[in-house]
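Numbering (my numbering), first residue to last: 39 to 177.
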């Protein structure tokens, strides 16, 4: 009877080790980001945006969202970059995500106006009133 219990314990130990090894191999492939990394990508996106390199800004904002997927301000800036490139389909989508995450943001009314403006060229009045502010916001 003792041989059976030792074999059973050994079998359980082998199974536990196999599961642990598999779990470690899976988790080692997952990249965990930090908020600091998200902030760095967001800041790099803002820098690219201000240098009118909107494609690079979009790439950096997307990296920031990979690190911090709930960053409403990153969605807002991503939408503005797409809007600047006249890609209203993407701009609207990201403005809407921004509003879903943070509908009470101080930028929410601007996002709603920019969604409306996306259906045509921005008016001079919209730019003068600051409704269409083509500056990225810091994180």
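Ideal Cβ positions, reconstructed from N, Cα and C, are used throughout, including at glycine.
Rounded straight-line distance, which links the Cα of residue j to that of residue i
i           : j           : result
residue 80  : residue 125 : 20 Å
residue 97  : residue 74  : 17 Å
residue 56  : residue 83  : 43 Å
residue 54  : residue 43  : 16 Å
residue 116 : residue 142 : 19 Å
residue 144 : residue 118 : 15 Å
residue 152 : residue 139 : 17 Å
residue 45  : residue 101 : 50 Å
residue 59  : residue 52  : 11 Å
residue 129 : residue 90  : 16 Å
residue 78  : residue 154 : 31 Å
residue 107 : residue 48  : 44 Å
Pick from the options that is closest to residue i, judged by C-alpha positions
i           : options            : result
residue 131 : 150, 142, 144, 145 : 150
Beta-carbon gap between residue i and residue j smaller than 8 Å
i           : j           : result
residue 110 : residue 103 : no
residue 72  : residue 105 : yes
residue 86  : residue 95  : yes
residue 135 : residue 113 : yes
residue 88  : residue 174 : yes
Contact set for residue i: own chain, Cβ-Cβ below 7 Å, skip 5 residues either direction
i          : result
residue 50 : none
Neighbourhood of residue i by C-beta distance below 6 Å, restricted to the same chain and skipping five residues each side
i           : result
residue 156 : 126, 129, 130
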